[in-house]
Every structure is written in C-alpha cells, then in structure tokens.
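S.K.:
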Amino acid sequence: MKLPRIVRGRPSKSLLRVSVILTLLGLVLMAWSILAPTPMPVMLAMTVGQGFGTLAFGLFVFVVLRDLRQSGAAERVAREADAAEQAEPEAAEDGA
Amino acid sequence: MATWISSNPFGAGALASAAIAAILGVWYLVRKPESTRTTKIALLFGIGVLPLATAATGNVSGYEAMKSRNFCGSCHVMTPYSDDSSNPESKSLASRHARNEMFGHDNCYACHADYGMFGTIVTKLGGLRHVYEYTFNYRNMSLEEARKSIHIRKPFQNATCMHCHSTELPLWRAVPEHASLTSEIASGRVSCASAGCHGPSHPFSKDPVVPVVDPGGTAPTDPSGKVAP
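In order, the protein sequence lines correspond to chains A and B. Residue numbers for the first sequence follow the numbering used here, beginning at 1 and rising by one. Residue numbers for the second sequence follow the numbering used here, beginning at 1001 and rising by one.
(1) I'd like the list of long-range same chain contacts for Ala1098 (chain B), defined as Cβ closer than 6 Å, with 5 residues on each side in sequence excluded.
(2) Going along chain E in order, which residues have a C-beta closer than 9 Å to the C-beta of Ala1113 (chain B)?
(3) Quick one: Cα of Pro1220 (chain B) to Cα of Ala1193 (chain B), how far?
(4) Provide the residue span of the alpha helix (DSSP H) that contains Gly58 (chain A), from first to last.
(5) What residues of chain B sit near Val20 (chain A), judged by a beta carbon separation below 8 Å?
(6) Give the interface partners of Gly51 (chain A) over in chain B, defined as CB-CB distance under 7 Å, in chain order.
(7) Considering Ala1063 (chain B), what are the terminal residues of the alpha helix (DSSP H) in which it resides?
(8) Please state if the CB of Val48 (chain A) and the CB of Leu24 (chain A) are separated by a distance shorter than 9 Å.
(9) List, in order along the chain, the chain B residues whose C-beta lies closer than 7 Å to that of Gly26 (chain A)?
(10) If you draw a straight line from the alpha carbon of Cys1075 (chain B) to that of Arg1189 (chain B), how long is it in whole angstroms?
(11) Of the choices B:Ala1012, B:Ser1035, B:Val1077, B:Leu1050, whose alpha-carbon is the least far from that of Arg1147 (chain B)?
(12) Kindly say whether Phe1156 (chain B), judged by its beta-carbon, lies nearer than 9 Å to any beta-carbon of chain A.
(13) Looking only at its chain, what residues have a beta carbon closer than 7 Å to the beta carbon of Ser1092 (chain B), apart from the 5 residues adjacent to it on each side?
(14) Using C-beta distances below 7 Å, list every residue in its chain close to Gly1011 (chain B), excluding the 5 sequence neighbours before and after it, in chain order.
(15) Counting only beta-carbon separations shorter than 9 Å, does Leu1181 (chain B) have a partner in chain A?
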C-alpha cells in the first residue's frame, strides 16, 4: 500500500487515536450545523466535517486491514513452524 | 424540544447518532483499550457506521435548512430580498409567494430551485462557489453596491413558474395577454416575470446579466393585478 510514511510505520493504537480525534472533530462540526443551520456551519459541516469523517474512516479501514494482514502472516508463520515441527521435530525447537 | 424533533426528524437522528459515536470515541480516548477485535467492532460503529449515519441524515437536514428564506437571508447581500418577502405589506411577486403554508417559508427555493445551492453533488459545489463569492468579494460590500452588482445569472425560466401554474386552465387562457402570447410564453421568448407582466419579482430586480447602474428601487409593478389560476 502506498501511503505516507507517517502512517505506515505507526502502531495501530496511535493511528486509531488519530482516527477517533478526527471523527470527534467532524462530529462537532456536523452537530453544530444542525443546531445552527446558517451558511457558515452548514458549509463547514458538508466540507471540512465530512472530510474529517472520511479521512478518519479511511484510517480505520487501513489499520484493520493491516492488522488482519499481519495476523494472517503471523498465522502462516506459525503453521509453517508446526509443519516443520511435525516433519523434523528437533529443527523446529528454536523456530517456534 | 419535542416540536423541534418532529419538525426536524433528520436533524434529531443525526444528533442522536453523533452523540453515541462521540461516546464511543471518548471511551476509546479515555480508556485506551487494547486493539482487540471487540475494540475494533466498537470503533467500527464509533468511526464508521454512526458518523456515516450522522453525515447522511445531517445532509438531508442541511438541505432542508438551506431551502428556508431565513437561510438565504442570513447573508447581508440577500436581506433586501428576504425582508421584502417577509413583509406582509409588500406587493412584489416574490412576496406574494411567501404567504402560503405549503412553501411560503421556502419561497426563495420555490422559484430559484435551479440555483446553485441545492440538490446533488454538483450543486453542492455550486453552493460553495456562492459562499466563496460572498466571503471574498461581497462580505464587506455595501448593500447599495451589492444591489447593483448582483444579477440573475441565467435568464429566469418560465418553466419554473409552470411547475405550479400549468397554464392549461381556462381562466389562465382567458386572460387576453396570455391568449395572445401563448407560444411566446411557452417557448420562453416572453418571460412571465418581465416588467409589465408579472415582474419584476423583486422590487429592485434588474435585467439578466446587464448590471444596471441605478436600480432605482422603484415600487413593484403588477399592473394587471390579476389572480393567476
């Protein structure tokens, strides 16, 4: 996945924090536009607010997919180790 | 409160889902749970499903709000128009369309629905242009100047009037001016809102595109004073 470097290396937890904060900011803008439906808030909600929301959700999906891929990879490693263990019990000792 | 909810169910729905999403978000920030499957499912709602619901219902509620005359009148360059429409004494065509229950509150929208602030994604961008114009070119403009420089961009379509006034009814056809101009009206060569007919619609309307130096502020004219069927 081609993503900015700041996103790629970060642990899931801190990415999710950023995502949650963006969501909250977006929600505040959207709620404001409903309570005070005048041009400024309505326009902000429909542009910046929804932009934040989209960004936040994109980040969330990225984290979930990355975690899935990593746990998939981890499982594969474990399975291969298992297989190796069955074929050659003593060789798997340090691999597992 | 209860009346607000029933008058704006989409807004209420948007606020409710926003509130639940915000609770989930704050919970995540305060509790800092591990990124387990359960946490992610909670966040799927807090970051995904509920904010999406807020955005969707908020859009509906926003578009509803944008239809109202109050909304149009919240930019000072539009206030002469909205004040005129809200004035129960006014005899302008626009104002006479502001008194019925069906769309009186949204009368600007009823006649200017094709105008850039409504409808789909494309018009959302058009609305942005409008806000941009306001913010950078009109914000500090005096009303006098604004009146001179604001003019209708596209010639007003008779089809807009004909959404509501079919022009098919006998009383309409019996009006001599209508009868002699039927094809010109249908083809748009003569505007229903032209001066001497039912226009100008606003006391200070000008011709399309050509900005008039002195709008004059003349009294609205509807010489016929006839009731359209």
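Quick reminder that beta carbons are idealized off the backbone N, C-alpha and C, glycines included.
M.R.: This is what the structure gives:
(1) One-based indexing of the second sequence puts residue 1098 (chain B) at position 98. Closer than 6 Å at Cβ, skipping near neighbours: Ser1085, Gly1104, Asn1107.
(2) Note that chain E does not occur in the displayed structure, where the protein chains are A and B.
(3) The residue labelled residue 1220 (chain B) in the question sits at position 220 within the second sequence. The residue labelled residue 1193 (chain B) in the question sits at position 193 within the second sequence. Annotation note: pLDDT 39 at Pro1220 (chain B) (below 50); position unreliable, no value reported.
(4) Position 58 of the first sequence, counted from the first residue, corresponds to residue 58 (chain A). Looking at the DSSP string, the run of the alpha helix (DSSP H) that includes Gly58 (chain A) is 50-87.
(5) Position 20 of the first sequence, counting from 1, holds the residue named residue 20 (chain A). Within chain B, the residues near Val20 (chain A) are Gly1025, Tyr1028, Leu1029, Leu1043, Gly1046, Ile1047.
(6) Position 51 of the first sequence, counted from the first residue, corresponds to residue 51 (chain A). The premise fails here: Gly51 (chain A) is roughly 10 Å from chain B at the closest Cβ pair, so nothing lies under 7 Å.
(7) Indexing the second sequence from 1 puts residue 1063 (chain B) at position 63. This sequence places Tyr at residue 1063 (chain B); Ala is not what is there. Its alpha helix (DSSP H) spans residues 1050-1066.
(8) By 1-based counting over the first sequence, the position of residue 24 (chain A) is 24. By 1-based counting over the first sequence, the position of residue 48 (chain A) is 48. No, the Cβ-Cβ distance between Leu24 (chain A) and Val48 (chain A) is not below 9 Å.
(9) Residue mapping note: residue 26 (chain A) aligns to position 26 of the first sequence, counting from 1. Result: Pro1051.
(10) Taking the first residue of the second sequence as 1, we reach residue 1075 (chain B) at position 75. Taking the first residue of the second sequence as 1, we reach residue 1189 (chain B) at position 189. Rounded to whole angstroms, Cys1075 (chain B) to Arg1189 (chain B) spans 33 Å at the Cα level.
(11) By one-based count along the second sequence, residue 1147 (chain B) stands at place 147. Arg1147 (chain B) has its Cα closest to that of B:Val1077, out of B:Ala1012, B:Ser1035, B:Val1077, B:Leu1050.
(12) Walking along the second sequence from the start, residue 1156 (chain B) turns up at place 156. Not one chain A Cβ lies under 9 Å of Phe1156 (chain B).
(13) Indexing the second sequence from 1 puts residue 1092 (chain B) at position 92. The residues are Asp1084, Ser1201, His1202, Pro1203, Pro1220.
(14) To locate residue 1011 (chain B), count along the second sequence from 1; it is residue 11. Answer for Gly1011 (chain B): Ser1061, listed in chain order.
(15) Indexing the second sequence from 1 puts residue 1181 (chain B) at position 181. False, the Cβ-Cβ gap to chain A never drops below 9 Å.
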